[in-house]
Structure formats: C-alpha cells, structure tokens
Amino acid sequence: MKILVFNCGSSSLKYQFIDMKDEKVIVRGLVDRIGMEDALFRYSKIETGKDTEVKKVQFIKDHEEAINLLIDALTKGDSSVIRNKSEITAVGHRIVHGGEKFSRAVLVDDKVKEDINECFELAPLHNPHNLKGVEICGKLLPGVPQIAVFDTAFHQTMPSEAYFYAIPYYFYEKYNIRRYGFHGSSYYYVSREAASMMKKKLKDLKIVACHLGNGASITAIKKGKSVDTSMGFTPLEGLVMGTRSGDIDPSIPLYLMDVDEISLGEIKSILNRQSGIYGLSGVGSDMRDVLKEAGKGDRRARLAVAVFVYRVKKYIGAYAAVMNGLDCLVFTAGIGENSPYIRDLCCRNMDYLGIEIDKKRNEKAVGTGNLISSEKSKVSVFTIPTNEELVIAREAKKILRKKTVFS
Ligand code: AMP
11 MKILVFNCGS
21 SSLKYQFIDM
31 KDEKVIVRGL
41 VDRIGMEDAL
51 FRYSKIETGK
61 DTEVKKVQFI
71 KDHEEAINLL
81 IDALTKGDSS
91 VIRNKSEITA
101 VGHRIVHGGE
111 KFSRAVLVDD
121 KVKEDINECF
131 ELAPLHNPHN
141 LKGVEICGKL
151 LPGVPQIAVF
161 DTAFHQTMPS
171 EAYFYAIPYY
181 FYEKYNIRRY
191 GFHGSSYYYV
201 SREAASMMKK
211 KLKDLKIVAC
221 HLGNGASITA
231 IKKGKSVDTS
241 MGFTPLEGLV
251 MGTRSGDIDP
261 SIPLYLMDVD
271 EISLGEIKSI
281 LNRQSGIYGL
291 SGVGSDMRDV
301 LKEAGKGDRR
311 ARLAVAVFVY
321 RVKKYIGAYA
331 AVMNGLDCLV
341 FTAGIGENSP
351 YIRDLCCRNM
361 DYLGIEIDKK
371 RNEKAVGTGN
381 LISSEKSKVS
391 VFTIPTNEEL
401 VIAREAKKIL
411 RKKTVFS
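The opening residue of the sequence shown carries number 11 in this note's numbering; numbering runs sequentially from there.
1. With a CB to CB cut of under 8 Å and the five nearest residues on each side skipped, what residues in its chain are close to S417?
2. What number of angstroms, rounded off, separates the C-alpha of C147 from the C-alpha of V101?
3. Name the DSSP bridge partner or partners of R420?
4. For the stretch 317-334 against the stretch 197-206, are there 3 or more C-beta pairs whose distance is under 8 Å?
5. Could you spell out where the alpha helix (DSSP H) holding V159 opens and where it closes?
6. Taking just the CA atoms, how far does V67 sit from C338?
7. Three-state secondary structure (DSSP) at S417?
8. How would you call S285, buried or exposed, if buried means at least 16 neighbouring beta carbons within 10 angstroms?
9. Terminal residues of the continuous alpha helix (DSSP H) containing H139?
10. Using DSSP with H/G/I as helix, E/B as strand and the rest coil, what is T167?
11. Between the stretch 181-197 and the stretch 158-169, are three or more C-beta pairs nearer than 8 Å?
12. Excluding five sequence neighbours on each side, which residues of the same chain lie with their C-beta closer than 6 Å to the C-beta of R371?
13. Is it the case that the CB of N348 approaches a heavy atom of the ligand AMP more closely than 7 Å?
14. I want to check one thing, is the minimum distance from the CB of M297 to the heavy atoms of the ligand AMP below 7 Å?
15. Who are the near neighbours of E63 in its chain, counting only those whose CB is closer than 6 Å to its CB and skipping five residues on each side?
16. V250 bridges to which residues according to DSSP?
17. By DSSP, does S113 sit in helix, in strand, or in coil?
18. Am I right that S196 and T396 are in contact with their C-beta atoms under 8 Å? What's the rounded C-beta distance?
19. Can you find a heavy atom of the ligand AMP that lies under 7 Å from the Cβ of G305?
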C-alpha cells in the first residue's frame, strides 16, 4: 500500500509518497510559487545511502500542472519509484478546517466535498486550495480513493466551556463562531509518541504539547484527547507567531479603525502578516534571525523573544490548571524541535509545576525525539519531531482497511 500525502496551499504543494508496509517515505518534495515564471519543483527520492534530488525552476501554470509533473516524476525516468499511477493506492489530503462537521478523517465523496466547501468561510486562506487538490486528483487519478484529514478534527473533543466564546449565543448558531483549534494531526502524533516514550498508556497522561513553528499553538491533552487549545475560530488566536499577533484585547482593532481610520483589510493584514515576532522585533519573522539579533543586544529582538516565551509559559500554567496537573510537556515544530535556548526559557522557573530541564540533554536534542527533563523533574519534558504526513497516511490506511472490510 503506497499513499500519496498532499498539503495543498494557495501557491504551493507539499507532498510525500509513503510505503505503508514499513511507513517508509519513498519520495518527498515541494512545488512552490505555483503560477509564477520561477516556480520551484523539488523532488527527493529517498534511498538508503543515496538520495536523488530533482530541482527545477520553471513556469508552472497551476496546481494541475504541478501534480502532473509530480506524477511524471514518480512514474518516469531516473526519478521513478513506480511503473504507473495505478500503484498509488490512495491520496491523503490535509484539509485545514472541518468545522463541526468532521471529527475524524473521511473517505472523500461528493457530499464530503460539499461539506468542505461549506467550511470555506471559516478558512478562506486554506480550504479552497485544499479542496482544489482533491478535485485535481479526482481528475488526474480517477478511481484512486482520496481521504480528507482535518486539522480541526482532533480538537472536536474539547468541552463546550473551552470552545465557547462569551459573545451572544446567536453568533454560534448563525455563523458557527467558536474555538476550533488547529495543528490537530501534529498533536495526535506527538501525544502518542510521548506516551510510547514514557512507556505509559495515553489514558493515564496529562500532556501539554507546544507546536512552536512559524504558526504556533499549544494544546492540553488529557487521556489522549484535546481538552483545550490556544488557536481559536481561526489560527490567529493564542501564542505569538511569526507574523500573527496571537491573543490581543479585541478592542484594539476597533480602536485602530477609529483613531487611524485603518480599513478592515488593513487590520486583517496587520494582525496576520505584520504582527507577532516580525512586528515586535522589526528584524523578521524567522526565529533564528531574531535570536541572532537578540544575542547582539538588539532591544526589540529581545522584547520579541521575551513576549513569545512569556505567552508559552502562561499557557502551560493555564493548561496544567485546566487538567489539574501535568505529567508530560512536549516541544515540537521548527522552533520547538530545534531551539534549546527557547525551550530552556519556556521551562525556567517552572519548578512549582515540577518542570526541570536537564541542560545537557536539552542542548543535545536538536531535531530529534529526546527526553530533556532532569531525573528529578516530576514532569517528563520531550522534544518530538512532528510528522503530520505520517498521521494523514495512517488515517488513509485505516479508512481503506474499513472500506475493504465493509464493501
Ligand atoms: P515550522 O513552521 O515548523 O517550519 O518552523 C519554522 C520556524 O522554526 C521559523 O521561525 C524558524 O526560524 C524556526 N527555527 C528553525 N530552526 C531553528 C533553530 N535552530 N533555532 C530557532 N528557531 C528555528
């Protein structure tokens, strides 16, 4: 069983081709700047000992052309890994928003496509492109089952007190305004990995997982289920992110619109693209650059790092309170997996919660799955490289198995 996993964005397509026999990635890659003259097609064939990389810069008109290029690379010439496209067992798609309609992955049919379409308003930057990927695969790979895996699905277990906003109830009824949460596949993966690293059952664990990447969020996971998460109705709420503000007083945009006559469109851009680490530091949105400038003493870069870390700590404390305790803390995604410095700051002076980092273990853990807490620490702290693609492929496999059993 070989599964193609797609993450289709507005001008990009990330993909992996996974052999589910041993969960080995056969091919991974990315098509970027789709629609531009200088689009980039990257394709890595993963072989023991030698990886073959294809890198082409050329005009790629649209996603259909991108997927066609990929199918050609998979089936033809030196880059090929299968003889023809019938060897693709299924395609698993990352779909960002499943609203309240989807609490698990599903096999795509016309009704599912309609329901994803209905969630467009909830994720206008993501869902239309995700669905485009599904439509194109339907056309280019006829008869190949497609599975939709939703970022929001893992959080559908949150209790109502965690997902309701205290605004008129009517808005929930009319517009489905509530907390949804994102990065669900990542949390599903790291929480299960953490339990296995602790040699404990998920049902016995209270986990806080910090997905600290360009987009950042944090989730409280009790008995394997999401009970609260920092991203909300959209991925704008919660932690400080690369360019997103995270939590702010909701009257700030209203005030700016009033005193500065800033338009609604500008407000959206300010909060989504000009805020966060980028807006505070004035250096950029990449944490590595900001840390470098902070190291040289740049005041605003230091401020950005301090606000970022403070917000993470605040949420860890809040979620420990929500779960009445904490057994395990996980750091994942670009910053969480690769920055011992940020992890150390996030865990400093948290001994009241039983969190104590081992300096050496923390320094050594870069991009790998490791225990970084000390022997004395009551809470086990881990770095765990996330693997959303594998979760999508596993979900696809599970659904195909059921389909075969019941059909
Ligand atoms: P992601 O969205 O998960 O790909 O993560 C991207 C973020 O991870 C960017 O802000 C990068 O600067 C950050 N990042 C990657 N490597 C490091 C590192 N070694 N130290 C600090 N931040 C890093």
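Glycine residues also receive a C-beta, built at the ideal position from the N, C-alpha and C atoms.
The model shown is predicted, which means the values in this text are computed figures rather than measured ones.
Reading off the structure:
1. For the purposes of this step, residue 417 is identified with residue 407 of the sequence shown, where counting begins at 1. Residue placement at S417 is flagged as unreliable, the pLDDT there being 47, under the threshold of 50; the coordinate-derived value follows with that caveat. If we look at S417 and ignore the five residues flanking it on each side, it has no Cβ neighbours.
2. Within the sequence shown, the letter at position 137 stands for residue 147. Within the sequence shown, the letter at position 91 stands for residue 101. Approximately 8 Å between the Cα atoms of the pair.
3. Here the chain has residues from 11 to 417 only, and residue 420 is not among them.
4. Proximity of the stretch 317-334 to the stretch 197-206 falls short of the contact definition, fewer than three beta-carbon pairs being nearer than 8 Å.
5. Taking the first residue of the sequence shown as 1, we reach residue 159 at position 149. Per DSSP, V159 belongs to no alpha helix (DSSP H); it is in the beta strand (DSSP E), Q156 to F160.
6. As a first step, residue 338 is located in the sequence shown; it is residue number 328 there, counting from the start. As a first step, residue 67 is located in the sequence shown; it is residue number 57 there, counting from the start. The straight-line gap from Cα to Cα measures roughly 44 Å.
7. To locate residue 417, count along the sequence shown from 1; it is residue 407. Low confidence applies here, because S417 scores a pLDDT of 47, under 50, leaving its location unreliable; read the following figure in that light. Note: S417 maps to coil in three-state DSSP.
8. As a first step, residue 285 is located in the sequence shown; it is residue number 275 there, counting from the start. With 16 or more Cβ atoms within 10 Å of its Cβ, S285 is classed as buried.
9. By 1-based counting over the sequence shown, the position of residue 139 is 129. Note, H139: alpha helix (DSSP H), N137 to L150.
10. In the sequence shown, residue 167 corresponds to position 157, counting from 1. Of the three classes helix, strand and coil, the one that applies to T167 here is helix, per DSSP.
11. yes
12. Position 361 of the sequence shown, counted from the start, is the residue given in the question as residue 371. Closer than 6 Å at Cβ, skipping near neighbours: I382.
13. The residue labelled residue 348 in the question sits at position 338 within the sequence shown. True, at least one ligand heavy atom lies under 7 Å from that Cβ.
14. Within the sequence shown, numbered from 1, the residue matching residue 297 stands at position 287. For the ligand AMP, at least one heavy atom lies less than 7 Å from the Cβ of M297.
15. Locating residue 63 in the sequence shown gives position 53, where the first residue counts as 1. These residues qualify, in order along the chain: S54.
16. As a first step, residue 250 must be located in the sequence shown, where it is residue number 240. V250 is bridged by DSSP to nothing; it lacks a bridge partner.
17. Numbered from its first residue, the sequence shown carries residue 113 at position 103. Reduced to three states, the DSSP call for S113 is coil.
18. If you number the sequence shown from 1, residue 196 lands on position 186. If you number the sequence shown from 1, residue 396 lands on position 386. The pair is a contact, with the Cβ atoms about 4 Å apart (cut-off 8 Å).
19. Stepping through the sequence shown from its first residue, residue 305 is reached at position 295. Result no, Cβ not under 7 Å from the ligand AMP.
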